[in-house]
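Undergrad:
Numbering (this note's numbering), first residue to last: 6 to 473.
1) Please determine, among 340, 297 and 334, the residue with the shortest C-alpha to C-alpha distance to residue 410.
2) Using the DSSP secondary-structure output, state which residues sit across from residue 485 in a beta bridge.
3) Mapping the DSSP letters down to three states, classify residue 6 as helix, strand or coil.
4) With H, G and I counted as helix, E and B as strand and the rest as coil, what does DSSP make of residue 172?
5) To the nearest angstrom, report how far apart residue 99 and residue 463 are at their CA atoms.
6) Are the segment 184 to 195 and the segment 121 to 139 touching by the rule of at least three beta carbon pairs closer than 8 Å?
7) Given a cut-off of 8 Å, decide if residue 431 and residue 405 are closer than it, judged by their beta-carbon atoms.
8) Under 8 Å Cβ to Cβ from residue 156, same chain only, skipping five residues before and after it: list those, please.
9) Work out the CA separation of residue 22 and residue 16 for me, nearest whole Å.
10) Does residue 40 come out as helix, strand or coil in the three-state DSSP assignment?
11) Would you decide whether residue 203 is buried or exposed? Buried here means 16 or more other CB atoms lie within 10 Å of its CB.
12) Which residue or residues does DSSP assign as beta-bridge partners of residue 308?
13) What did DSSP end up calling residue 279 once you bin it into helix, strand or coil?
14) Taking just the CA atoms, how far does residue 18 sit from residue 10?
15) Among 335, 245 and 64, whose alpha-carbon lies nearest the alpha-carbon of residue 147?
16) How far does the alpha helix (DSSP H) with residue 64 in it reach, from first residue to last?
17) Report yes if the C-beta of residue 162 is less than 7 Å from at least one heavy atom of the ligand COA; otherwise report no.
18) Taking the beta strand (DSSP E) that residue 18 falls in, what are its first and last residues?
19) Just to confirm the assignment, what range does the alpha helix (DSSP H) spanning residue 433 have?
20) Rounded to the nearest angstrom, what separates residue 38 and residue 270 at their Cα positions?
21) Helix, strand or coil for residue 185? Go by DSSP, reduced to three states.
22) Please work out which residues of its chain come closer than 6 Å, Cβ to Cβ, to residue 302, disregarding the five sequence neighbours upstream and downstream, and give them in chain order.
23) Whose C-beta lies closer than 8 Å to the C-beta of residue 64 among residues of the same chain, with five residues either side of it excluded?
24) By the 10 Å Cβ neighbour count, where 16 or more other Cβ atoms means buried, how is residue 353 classified, buried or exposed?
25) Secondary structure at residue 192, three-state DSSP: helix, strand or coil?
26) For a test of the three-state rule: what should DSSP assign to residue 30, helix, strand or coil?
27) Just grab the DSSP bridge partners of residue 467 for me.
28) Starting from the Cα of residue 183, find the closest Cα among 81, 467 and 145 and give me that residue.
29) I'd like to check one pair, residue 293 with residue 412: are the Cβ atoms closer than 8 Å?
30) Under DSSP, the alpha helix (DSSP H) around residue 208 begins and ends at which residues?
31) Using only the alpha-carbon positions, how far apart do residue 59 and residue 280 sit?
32) Around the C-beta of residue 181, are 16 or more other C-beta atoms found within 10 angstroms, so that it is buried, or is it exposed?
33) Got a sec, what are the start and stop residues for the beta strand (DSSP E) residue 350 sits in?
34) In this structure, what does DSSP give as the bridge partners for residue 35?
35) Of the choices 300, 47, 273 and 220, whose alpha-carbon is the least far from that of residue 251?
36) For residue 236, I'd like the list of residues in its chain whose CB is within less than 8 Å of its CB, leaving aside the five on either flank, ordered along the chain.
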């Protein structure tokens with residue numbers, strides 16, 4: 006299995022620190038509002054990576070945090086006249102609803118920054134003891150130049166940064182030994198939440214949070230650290246500096262980053278009025294469609310969100326679901342139980358689609374090509390399964406389709422819904438009208454059912470229905 010490592014800028018063979026196990030940390034959202042579709046991309050992408058590792062038999066310890074103390078959370082709390090704790094708890098709950106809608110599996114652990122302050126204070130203390138950090142008027146700074154490998158992830162040069170990079174510069178610049186030093190701990194301002202520390206009542210800087218939470222739940226060394234490419238610098242660069250300076254060993258072996266998401270070929274921003282939350286998308290589409298859309302491109306390729314592409318994703322997902330529904334319908338009417346010799350040969354041929362799917366996923370998680378393999382299996386299923394097929398053949402085809410789509414987090418084997426008695430009667434009445442060649446009545450009933458959200462499909466094997 007090969008994955009692209011941002012650290013080395015090339016694809017590398019994945020070799021876990023511990024055989025059969027994967028330790029993976031994914032930076033989670035700052036919870037001050039509903040998550041937007043930019044947040045959704047890493048959630049879906051790295052959930053799929055996790056699912057594939059589990060499909061291959063790995064035991065995955067998957068940690069993804071919630072940043073629940075931050076300037077944006079405090080600002081929102083002041084605007085609403087409530088505590089920052091109330092804001093973060095509200096939006097963590099809303100985020101989890103959206104994640105469930107996108108079929109993102111809950112992490113092994115979802116740590117909250119506010120519950121891990123003690124560990125952060127301890128790590129900052131270690132950095133001060135080792136000479137990597139210093140305190141000035143209650144603020145603790147990291148000595149960036151003291152860490153010799155600074156810039157190894159983002160491939161930035163410290164002297165170049167000093168001339169132009171503002172993203173590392175923090176208030177209180179005149180106190181710093183070097184303008185590039187960044188904050189580990191800051192004193193509280195009036196009305197802000199705070200915690201006691203040896204330096205001041207205050208709160209941690211953003212970067213130290215992930216270093217501590219990763220260490221606590223995964224250990225001093227991890228296999229994979231992941232997130233959006235916007236986090237490479239300064240967040241992930243600073244995490245490496247803090248963690249490796251404190252622990253004295255390599256922090257993460259592999260760094261994975263997904264590319265940006267644009268809206269109608271423009272960068273998503275509130276000022277452009279093209280800011281879209283996952284909750285807003287859910288009012289127009291099943292969030293499974295959003296997931297399918299996100300996986301239709303390679304995770305390292307920029308992705309453009311548009312109504313046309315979402316409609317294409319909706320149609321593509323429906324093709325797969327319809328194939329699964331058709332197999333279940335045929336199974337319910339199958340005349341024979343066991344496979345014939347011809348069917349055994351036909352089923353053996355599906356191995357090549359599974360192999361193509363796995364090859365795509367093992368080449369840096371190329372979900373676009375993996376989806377293409379699923380479509381090949383769908384086409385094969387549609388052309389080889391019919392009313393004469395055995396139940397065993399149909400069931401094996403369905404299981405294979407479900408197995409691959411489950412790796413992608415797509416739910417195609419929808420649970421059977423019970424129809425109301427009046428709808429059942431209308432379907433039966435329509436069948437009788439068709440038999441009597443009263444097509445006007447049959448069409449009228451079809452329209453009546455459509456108004457109730459029931460779509461009928463006439464096949465050689467009988468009538469099938471689904472919800473609109």
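For glycine and all other residues, C-beta sits at the position ideal for the given N, C-alpha and C.
In this text the structure is predicted, and so the values were computed from the model without any measurement.
TA: According to the structure shown:
1) Relative to residue 410, the option among 340, 297 and 334 whose CA is nearest is 297.
2) Nothing about residue 485 can be read from this structure; the chain reaches only from 6 to 473.
3) In the three-state reduction of the DSSP assignment, residue 6 falls in the coil class.
4) Only weak support exists for where residue 172 lies, its pLDDT of 46 falling under 50; the value from the coordinates is given anyway. Assignment of residue 172 by DSSP, reduced to helix, strand and coil, places it in the coil class.
5) Each residue's alpha carbon lies about 41 Å from the other.
6) Yes: at least three Cβ pairs fall under 8 Å.
7) Cβ atoms of residue 405 and residue 431: not closer than 8 Å.
8) Around residue 156: 162, 163, 166 and 242.
9) Taken atom to atom, the span from the alpha-carbon of residue 16 to that of residue 22 is near 18 Å.
10) The three-state secondary structure of residue 40, taken from DSSP, is coil.
11) Taking every protein chain shown into account, the CB of residue 203 has fewer than 16 other CB atoms within 10 angstroms, so this residue is exposed.
12) DSSP lists 266 as partners of residue 308.
13) Note: residue 279 maps to coil in three-state DSSP.
14) Rounded to whole angstroms, the separation of the alpha carbons of residue 18 and residue 10 is 10 Å.
15) Of the candidates 335, 245 and 64, the one whose C-alpha sits nearest the C-alpha of residue 147 is 245.
16) In the DSSP annotation of this structure, residue 64 is not part of any alpha helix (DSSP H); the continuous beta strand (DSSP E) holding it starts and ends at 64 to 69.
17) The model on display carries no ligand, and the ligand COA is accordingly not part of it.
18) Unbroken beta strand (DSSP E) run through residue 18: 15 to 18.
19) 426 to 440 is the span of the alpha helix (DSSP H), which, as asked, contains residue 433.
20) Taking C-alpha positions only, residue 38 is separated from residue 270 by approximately 24 Å.
21) DSSP places residue 185 in coil when its eight states are reduced to three.
22) Excluding sequence neighbours, residue 302 sits near 308 and 373.
23) Annotation for residue 64: 25, 26 and 27 place their beta carbon closer than 8 Å to its own, counting only its chain and skipping 5 residues before and after.
24) Exposed, by the Cβ-count rule.
25) Strand.
26) Looking at residue 30 - three-state DSSP - the assignment turns out to be strand.
27) Beta-bridge pairing links residue 467 to 464.
28) The closest CA to that of residue 183, considering only 81, 467 and 145, is found on 145.
29) Taking 8 Å as the Cβ cut-off, residue 412 and residue 293 do not qualify as a contacting pair.
30) Counting along the chain, residue 208 falls outside any alpha helix (DSSP H), though it belongs to the beta strand (DSSP E) covering 207 to 209.
31) Distance between the alpha carbons of residue 59 and residue 280 is about 34 Å.
32) Counting of Cβ neighbours within 10 angstroms places residue 181 among the buried residues, the total reaching 16 or more.
33) Here residue 350 belongs to no beta strand (DSSP E); instead the alpha helix (DSSP H) covers 346 to 353.
34) Looking at the DSSP assignment, residue 35 forms a beta bridge with 72.
35) Closest option to residue 251, Cα to Cα, is 220.
36) 32 and 262.
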